[in-house]
Amino acid sequence: MFTLLFIIAIDGPSGSGKSTTAKAVAGRLGFLSLDTGAMYRALALLSLEESVSPDDIDSVVRLAEHVDLQIKPPANNGSSPHLTEALARGVAVGEKIRQPNVTECVSRISSIKEAREVVVRKQRELAKRIDSLIKSSDVNERNNSPKGIVAEGRDIGTVVFPDADLKIFMNASLTTRAQRRSKELVESGVATEPNEQLKELERRDIIDTTRAESPLTPAADAVLLDTTDLSFEEQVARICELAESRMKSNDLLKDNAFDDTVRKKDS
Ligand code: DC
Numbered sequence: 225m226f227t228l229l230f231i232i233a234i235d236g237p238s239g240s241g242k243s244t245t246a247k248a249v250a251g252r253l254g255f256l257s258l259d260t261g262a263m264y265r266a267l268a269l270l271s272l273e274e275s276v277s278p279d280d281i282d283s284v285v286r287l288a289e290h291v292d293l294q295i296k297p298p299a300n301n302g303s304s305p306h307l308t309e310a311l312a313r314g315v316a317v318g319e320k321i322r323q324p325n326v327t328e329c330v331s332r333i334s335s336i337k338e339a340r341e342v343v344v345r346k347q348r349e350l351a352k353r354i355d356s357l358i359k360s361s362d363v364n365e366r367n368n369s370p371k372g373i374v375a376e377g378r379d380i381g382t383v384v385f386p387d388a389d390l391k392i393f394m395n396a397s398l399t400t401r402a403q404r405r406s407k408e409l410v411e412s413g414v415a416t417e418p419n420e421q422l423k424e425l426e427r428r429d430i431i432d433t434t435r436a437e438s439p440l441t442p443a444a445d446a447v448l449l450d451t452t453d454l455s456f457e458e459q460v461a462r463i464c465e466l467a468e469s470r471m472k473s474n475d476l477l478k479d480n481a482f483d484d485t486v487r488k489k490d491s
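According to my numbering, the stretch in the sequence shown is residues 225 to 491, in order.
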């Protein structure tokens with residue numbers, strides 16, 4: 225589907241560290257970090273703001289058309305990645321989508337099949353735009369555009385980008401995930417404790433893995449990465465190593481395909 229864009233799909237349950245890992249991997253590889261959950265969160269936020277109940281499927285689907293993703297330029301020229309930002313009715317949603325009331329209702333919103341179809345379509349459109357940008361741009365511009373995407377979510381390797389070049393399914397024990405999530409929240413000024421987060425993660429795991437539409441499950445060809453006993457550095461390094469070795473073999477395949485074409489022409 226994408227000719228020049230290298231796509232890394234990272235899926236896994238809440239609190240497995242996907243989003244911080246995806247950003248770090250994207251920064252190191254010069255890729256775009258695509259946070260797909262932010263779109264479902266923006267949709268949940270719009271539903272709350274406009275008092276649309278998750279049971280009112282038609283209205284939620286209509287709202288999904290008003291949710292989008294835009295690419296933010298990197299913060300500096302160092303290793304900061306290109307990031308995506310969710311928009312609701314054309315306005316950046318910022319940190320509002322991380323509020324507890326949004327987190328509480330987002331699993332129900334994201335289990336609506338018809339709303340997922342709209343959101344997935346928009347995620348693929350964004351990737352297509354980058355792929356065509358790389359194809360059409362000159363060498364200088366090409367060097368400044370992201371060379372690939374690290375997309376993280378629940379259905380990236382199975383539904384959104386089933387032909388992704390590298391698929392990772394990240395997991396960690398429930399206790400570890402609850403401790404990490406609670407630390408993150410406390411650091412961002414939200415009072416909580418691991419036990420409270422453990423119950424919340426358990427509740428979201430059940431909804432995400434048992435929903436009828438695109439339930440959270442590893443793609444058959446995903447590399448399973450259990451991060452319970454890994455440091456953040458180790459998990460980032462592991463994914464970068466895998467990506468770099470796949471990129472090398474993709475280049476070799478392209479070179480061989482080129483050699484074959486030349487051989488055929490010559491013979
Ligand atoms: O990763 P997160 O916590 O920001 O995700 C928010 C919600 O969206 C969560 O309930 C799972 C759902 N989600 C999804 O169903 N598919 C995705 N690709 C990303 C997130």
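Glycine included, every Cβ here is placed at the ideal spot set by N, Cα and C.
Mind checking who residue 258 pairs with in its DSSP beta bridge?
375
So what does residue 393 bridge to, in DSSP terms?
235 and 448
Considering only heavy atoms of ligand 1, does any lie closer than 7 Å to the CB of residue 249?
no
Reducing DSSP to helix, strand and coil, say where residue 292 ends up.
strand
Report yes if the C-beta distance between residue 333 and residue 233 is below 8 Å; otherwise report no.
no
Label residue 383 either buried or exposed according to how many other C-beta atoms from any shown protein chain fall within 10 Å of its C-beta, with 16 as the threshold for buried.
buried
Cut-off 8 Å between Cβ atoms - residues of its own chain near residue 173, not counting five sequence neighbours on either side
Nothing can be reported for residue 173: it is not among the residues displayed for the chain, which extend from 225 to 491.
Does DSSP put residue 309 in a helix, a strand or coil?
strand
Using the three-state DSSP reduction, which class does residue 316 fall into: helix, strand or coil?
strand
Compute the beta-carbon to beta-carbon distance between residue 306 and residue 297, rounded to the nearest angstrom, for a pair I have assumed lies under 8 Å.
7 Å
Given 7 Å as the limit, tell me if residue 234 has its C-beta closer than that to any heavy atom belonging to ligand 3.
Ligands displayed in this structure: ligand 1; ligand 3 is not among them.
C-beta atoms of residue 235 and residue 377 nearer than 8 Å
yes
Should residue 260 be listed as close to ligand 1, given that the test is whether its C-beta is under 7 Å from any heavy atom?
yes
8 Å is my cut-off, CB to CB: does residue 246 come that close to chain C?
Absent here is chain C; the protein component of the structure consists of one chain.
Need the endpoints of the alpha helix (DSSP H) that residue 403 sits in, please.
398–411
Cutting at 8 Å between CB atoms, please list the residues of its own chain near residue 410, excluding the five before and the five after it.
416
Helix, strand or coil for residue 456? Go by DSSP, reduced to three states.
helix
Label residue 370 either buried or exposed according to how many other C-beta atoms from any shown protein chain fall within 10 Å of its C-beta, with 16 as the threshold for buried.
buried
Can the beta-carbon of residue 229 be found less than 8 Å from the beta-carbon of residue 336?
no
Looking at the secondary structure, which residues open and close the alpha helix (DSSP H) in which residue 334 lies?
From DSSP, residue 334 is part of no alpha helix (DSSP H); its letter is neither H nor E.
Ordered along the chain, which non-local residues of its own chain (more than five positions away) have a Cβ less than 8 Å from that of residue 456?
241, 244, 245 and 248
Distance between beta carbons of residue 284 and residue 271, contact taken as under 8 Å:
6 Å
Can you tell me the Cα-Cα spacing of residue 433 and residue 360, whole angstroms?
40 Å
Which two residues bound the contiguous alpha helix (DSSP H) that contains residue 252?
242–253
Going by C-alpha distance, which of 259, 393, 238 and 269 is nearest residue 287?
269
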